[in-house]
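Peer 1: I am attaching a structure below and will ask some questions about it afterwards.
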C-alpha cells in the first residue's frame, strides 16, 4: 500500500468535508407582509439560484457549513444579505425586502460578493428584460445607454465599449471572467468576438479593475456572462426572432440548459444577416444630394455561431467544459479609399470596400469546489483556449490576416473568515500570440505572457465595509521582424517638400519585461438606513500592448498609417522622418479616486459617482499632419497623386488627467410607472493643456418605463452635447438627440412565456455623428428604424 505523504495528509485535513448537510426554508415578504414571488436567493459560494414561489416561500436543501450567507434580490426591491449561523437554518426564516426604484443585481465577475449598490467600486449590470431591450449586433452598441459607457460606433459593424473616455487595450472584454481572446483592442474596425443574444447578463466595472483581471483592465471591464458551462440540470431556455427595417436585418437565437442526475448539458445558437444600413443624410459630412435615400455603403453583416457545454455536478461543486464556434463576416465602411480621419482627403473609388471575415473557436473549462470545516471555503478555476483568425479582404483577395492564439488560467481560492476578514487569493496566467500577415500588416508578430498573484479582502466594522486588495504581475512582451521601413512620409500642404524616411529599411526583434503593481482600498459607509457612501482609492499599472509599441504600417480597416511608440518623429535639414526612439518604454500608471453616493431604498433611488484619474505615461495615437502611401497601386485615372495616401498617426505617451461624473436618479412614480434621469461626463486632457482625441461629450437623458400585467412600454430620450474640446487636427462634432421607444405584449396563449415586441429607434430620423468614432464624417448613426420580434422562455 502506498504511504500518504505529509503534504497529502495536510491537504486532507485542510479540505475536510465532515459537516452535516442541512435545510434552510422560509419566506420573503415586503414591508406590508405580502409574499414576494420570484425573488432570487443564492447561497454565497454556491452556483445554484433558488426562486420563491407565488407566496414568497422557499426551501434550500443539502447546504453545508456552520455560517451560511444568503443573498436575496427581487425586481423593484433592495438587495438583502442574511447570515445563518450555528446550524439554526432549520428554523423558518421570515425575511423582509424594502422597495427600491433602482434594480439591484449581483456581480459574478468578482471572487467576492458585490452588487451595483454595495461596492466601493462603481459597477453596473445589464440583465433580464433591460438586456433584451438594449440588445444590438455589437457589444458597444448594446451598452451605449448604460451610465458611464459609450460606443466607438464603427459603422454599426464593429463597435466597442468606451468606459469613462477609455477604450482599446485599457478596457478588458471578458467572457465569464476570462479575456475574450480576439484582436478588438488592436483596431476600431475589429469586432468583439462575443455574442450578446445568448448572454444572461453583462457586467460593467467602471474604473480600474486590475486586481481581478490584470493590467489590461486599467480603465474598466465588460464581462459577458452566460451559462455555457452549466451549473444546474434544470430544464430552461430562451429563444428570439427579430427583423429590422433600417438594414433589412433578420436574426434568431436560442439557448437551453437541461440534464439528469449528476450531468447538465447546455446548447445555444444564433444567426443574423443584414444589408448596409440607411441614414437620413448623405454619408459624407457637409455634402448635399437630391437623392431620397442614403446608405452607409459596405456596412452589411452576416453572423452565426453555436456553443455546446456539459458539466458534472456533485455535492460540493461542479466541473464543466464548453466549446464555442463564432463566425462573423462584415463590411468595413469608410475604406473605399475615402480617408476618414480628420485632416485626410477624399478620393472615392467605387466597389473597393474591405470585408472582414472572422472565425473563432473557444474552449472553456470551469469548476467550483466548496470545502467545509477548513481554512479555505471554495476553489474556483477557469481556463480557456481561443483560436482566433480574421482576414481583411479587398477585391476578393486577402490583404491581411490577423491571428490570435491565447491560453488563460485563473484560479481563485476563497478562505473562511480570518478574524472576520473574507477574501480570496488569485493566481492568473495568460499567454497571447498575435500575428498579422500580409502587405498591410501594420503590427509584427508578437507574444504577450502574464503571470500574476493577487489578494482581495473585505471586513465589516459596524456601519463600514472595508475592501483592500493588491496585485503583482510579470509581463513579457516580445516581437519578431519589427519593421522600420524606408517610406515616403510627406505633407499635403503646398510648398512643402516630399520627405523620404532617411533611415535605411531595417528589420529586428525586441523584448520588454514589465512588473506592474496595483493596489486598491475602499470603504462603504452605511451612514443611515437606505443610504451609503463609497470611497475608493487605487493605484494601477499597465504594460503597453504590442500595437502601441511595435506598429509601423498601413492599417487597412481603420484607414490610417500607424507608428508605434518604439519610433519617434524627427526632423533634419527640413526633412521629417521616423527613427528608433531613445525614450524608454515604461508601464502606464494610473492614480484614481472614486466617490459614490447611493440611496438604495424607497420610491426614489440615486447613484452619484465622481471620479478623478491621473495617468502617467499614457499611450495614445496622435495626428502628425503627415501622410504615407497605403501600398495600393490603382490605375483609376485619378489626377490626384495623393489618391492612395493615408494619414500618419503616431503613438506617444504623456501625462494626462481624466475627471468626471455619472449620475442616475430613479423615481417609482406609481406602481406601473418608473422614470430614470441620468447624465455622464468625462474631461480628458494632457497635462500640457491639449485635449485627448475622441473623448465622449456630455450626455444626459430620461427613460420612462410603464408596466401592466400583460404589456409594457418604454421611451428613451438621450441628448449628446456638442463635442468642441478637441485635439490637434480633430474636428468638432455637432450635438444630437436620440429618441427610442418600444412596446412589449405578453401573448396569453403560452402562459406568459412568449412575448411580441415592437421597437422604433431614432424616432425623429436625426443626423447623429458619433464623436468617438473614427468614421464620424462618413458613417453617421442609422436613420429611423422599425423592428418587430418574438421572444420566449421556458
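Residue numbers (the working numbering): 7 to 800. C-beta: ideal position from N, C-alpha, C; glycine also.
#1: Tell me residue 762's beta-bridge partners as DSSP assigns them.
#2: What is the DSSP secondary structure of residue 147, reduced to helix, strand or coil?
#3: Who does residue 181 pair with in a DSSP beta bridge?
#4: By the 10 Å Cβ neighbour count, where 16 or more other Cβ atoms means buried, how is residue 401 classified, buried or exposed?
#5: Pull up the distance between the alpha-carbon of residue 83 and that of residue 90, whole angstroms please.
#6: On the three-pair Cβ rule with 8 angstroms, is the stretch 127-141 touching the stretch 303-312?
#7: Kindly list the residues whose CB is nearer than 6 angstroms to the CB of residue 796, restricted to its own chain and excluding five residues on each side of it in sequence; keep chain order.
#8: Could you tell me whether the Cβ atoms of residue 473 and residue 223 are closer together than 8 angstroms?
#9: In three-state DSSP terms, what is residue 288?
#10: Could you tell me if residue 450 is buried or exposed, where buried requires 16 or more neighbouring beta carbons within 10 angstroms of its beta carbon?
#11: What did DSSP end up calling residue 140 once you bin it into helix, strand or coil?
#12: Measuring CB to CB, does residue 49 end up less than 8 angstroms from residue 86?
#13: Given a cut-off of 8 angstroms, decide if residue 404 and residue 470 are closer than it, judged by their beta-carbon atoms.
#14: Could you spell out the range, first to last residue, of the beta strand (DSSP E) harbouring residue 736?
#15: For residue 350, which residues of its own chain have a beta-carbon under 7 angstroms away from its beta-carbon, when the five flanking residues on both sides are left out?
#16: Exposed or buried, what is residue 414 when buried is set at 16 or more other beta-carbons lying within 10 Å of its beta-carbon?
#17: Sort 149, 386 and 567 by Cα distance to residue 207 and report the nearest one.
#18: Using the beta-carbon count (16 or more within 10 Å), is residue 244 buried or exposed?
#19: Quick check: residue 671 and residue 612, are their CB atoms within less than 8 angstroms of each other?
#20: Please specify which runs of the beta strand (DSSP E), each continuous and at least 3 residues long, are wholly inside the stretch 431-509, giving them in chain order.
#21: For residue 682, which option in 706, 701 and 695 has the closest C-alpha, if you only look at C-alpha atoms?
#22: Between the alpha carbons of residue 136 and residue 461, how many angstroms are there, rounded?
#23: Contact between the stretch 357-370 and the stretch 388-402: three or more CB pairs below 8 angstroms?
#24: Grouping DSSP H, G and I as helix and E and B as strand, with all else coil, what is residue 175?
#25: Taking DSSP as the reference, what is the three-state secondary structure of residue 201?
#26: Please determine, among 80, 546 and 177, the residue with the shortest C-alpha to C-alpha distance to residue 62.
#27: So, under 8 angstroms CB-CB, residue 198 and residue 145 are touching, yes? Tell me the CB distance rounded to an integer number of Å.
#28: Please name the residue in 740, 330, 742 and 340 whose C-alpha comes closest to that of residue 566.
#29: Leaving aside the five residues before and after residue 636 along the sequence, list all residues of the same chain whose C-beta is less than 6 angstroms from its C-beta, in chain order.
#30: Got a sec, what are the start and stop residues for the alpha helix (DSSP H) residue 553 sits in?
#31: Are residue 778 and residue 689 touching if we call contact CB-CB under 8 angstroms?
#32: Helix or strand or just coil, what does DSSP make of residue 248?
#33: Where does residue 223 sit, in a helix, a strand or coil, going by DSSP?
#34: Cα-Cα, which of 516, 554 and 543 is closest to residue 448?
#35: Please give me, in chain order, every unbroken run of the beta strand (DSSP E) with length at least 3 that falls completely inside the stretch 670-753.
#36: Pop quiz: residue 274 and residue 234 are said to be a contact at Cβ under 8 angstroms. What is the actual Cβ separation, rounded to whole angstroms?
Peer 2: Quick answer:
#1: 751 and 796
#2: helix
#3: 184 and 230
#4: exposed
#5: 21 angstroms
#6: no
#7: 247 and 762
#8: no
#9: coil
#10: buried
#11: helix
#12: no
#13: no
#14: Neither: residue 736 is in no beta strand (DSSP E) and is coded neither H nor E.
#15: Low per-residue confidence applies at residue 350: pLDDT is 41, beneath 50, and the placement is therefore not dependable, though the value from the model is reported in the following sentence. Excluding sequence neighbours, residue 350 sits near 653.
#16: buried
#17: 149
#18: buried
#19: yes
#20: 452-467, 470-490, 494-496 and 504-506
#21: 706
#22: 34 angstroms
#23: yes
#24: helix
#25: coil
#26: 80
#27: 5 angstroms
#28: 340
#29: 560, 650 and 652
#30: 552-556
#31: no
#32: strand
#33: helix
#34: 554
#35: 679-692, 705-713, 717-726 and 742-752
#36: 7 angstroms
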